[in-house]
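Worksheet: the structure to be examined is printed underneath.
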Amino acid sequence: MKAFAARTALVTGASRGLGAAMAVALAEAGHRVAVNYFASGARAEALCEDLRERGLVAEAFQADVRNAAEVARLVGEVEAALGPVEVVVLNATGHQPMLSIEEQTWEAYLQQMEFFVKSPLVVVQAVLEGMRERGFGRVIQIGSEVVELGNARFANYVAAKAAQLGQTRSWARELGASGITVNLVAPGWIPTERAFAATEEDKRAYAQGVPLGRMGLPEEVGRVVAFLASDHAGFVTGQKIAVNGGNTLG
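The numbering of the sequence shown is our numbering, which starts it at 303 and goes up by one.
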């Protein structure tokens, strides 16, 4: 899928898994891709090298995107190397413990909010002035189907993802007049290397409940992100797009 215009796209948490698939899809669409990573520098560099060998443009940038000072540095480095950031994909995540109500603490909730509410805020704040000046921007949040499913023993994660969806909708209302769209892609369970504890039986049981009868692929999420980043999606904002084979229908 070729974008009408080549833009600079920053993908947070993009060294592996779904984030890497999003970076690939954006690069294939013609964008200059900034692959953000926290600790997996070798993975990020290898991904960028693979893309460059294909004639695409990608560079790796380290930062903890929960930290406003590091995000400011990150955006400065990206823009110096690749040009003004016009697309941000907010994908960074961390450990997601499953905890019973008795085990949950307020700190467990805050840890998830750091990734799914605070990080999007500080990243968008760092690029917003430039987007407003240019009258163009694409903000793409990466959510989850858990908001609709309400997974047990997972309220710390589910609550943070629900807050992220609310943040997306409010931002879309606020930023539309500036030519900035804000949407959220909500994948289903798509196994990557992060899902190392899942058994084949677990995967089969999940797929049996999906109307399309299978699990999704990372590149299927990446292609939806690339669409939202493109000029084709200029009249789409404030939306949650589920990429889960119909596992949720709301």
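All residues carry an ideal CB built from backbone N, CA and C; glycine is no exception.
Nearest CA to the CA of residue i: which residue from the options?
i	options	result
residue 417	439, 393, 475 and 353	393
residue 494	318, 376, 512 and 454	318
residue 308	463, 419, 377 and 384	384
residue 445	391, 407 and 347	391
residue 315	333, 542 and 349	349
residue 534	395, 407 and 440	440
residue 397	459, 330, 408 and 474	459
residue 409	358, 527 and 462	462
residue 351	405, 438, 340 and 322	322
Can you list, in chain order, the residues of its chain with a C-beta nearer than 7 Å to that of residue i? Leave out the 5 residues immediately preceding and following it.
i	result
residue 379	363
residue 518	489, 490, 492, 545, 546 and 547
residue 453	460
residue 542	445, 467, 486 and 488
So, at 8 Å on beta carbons, what are the nonlocal neighbours of residue i in its own chain, with the 5 sequence-adjacent residues on each side left out?
i	result
residue 512	490, 546, 547, 548 and 549
residue 420	368
residue 342	317 and 318
residue 531	305, 309, 311, 328, 331, 333, 389, 391, 440 and 442
According to the neighbour-count rule (16 or more other Cβ atoms, all chains shown, within 10 Å of its Cβ), is residue i buried or exposed?
i	result
residue 492	buried
residue 537	exposed
residue 466	buried
residue 402	exposed
residue 388	buried
residue 447	buried
residue 551	exposed
residue 514	exposed
So residue i and residue j are in contact, right, with Cβ under 8 Å, and what is the actual spacing, rounded?
i	j	result
residue 415	residue 456	Incorrect: roughly 14 Å between the Cβ atoms, too far for contact.
residue 382	residue 372	Their Cβ separation, rounded to whole angstroms, is 16 Å, which puts residue 382 and residue 372 out of contact at 8 Å.
residue 326	residue 311	The pair is not a contact, with the Cβ atoms about 11 Å apart (cut-off 8 Å).
residue 474	residue 540	3 Å
residue 593	residue 328	What is shown of the chain runs 303 to 552, which leaves residue 593 out entirely.
residue 449	residue 464	5 Å
residue 353	residue 360	4 Å
residue 516	residue 507	Not really, about 13 Å apart at Cβ, beyond 8 Å.
Among residues of its own chain, excluding the 5 on either side of residue i, which ones have a beta-carbon nearer than 6 Å to its beta-carbon?
i	result
residue 480	434
residue 470	443, 484 and 486
residue 370	424
residue 432	386
residue 347	362
residue 376	363 and 365
residue 340	366
residue 521	323
residue 430	none
message = Going residue by residue through the segment 454-502, where are the continuous alpha helix (DSSP H) segments of at least 4 residues, counting only ones entirely within it?
response = 457-477
query = Mind pulling the beta strand (DSSP E) runs of 3 or more residues that sit fully within the segment 380-439?
reply = 387-392
inquiry  = Report the start-end ranges of each beta strand (DSSP E) in the segment 303-332 that is 3 residues or longer and not cut off at the edges.
reply    = 310-313
Ranges of the alpha helix (DSSP H) found wholly within the segment 343-375, counting only runs of at least 4 = 343-355
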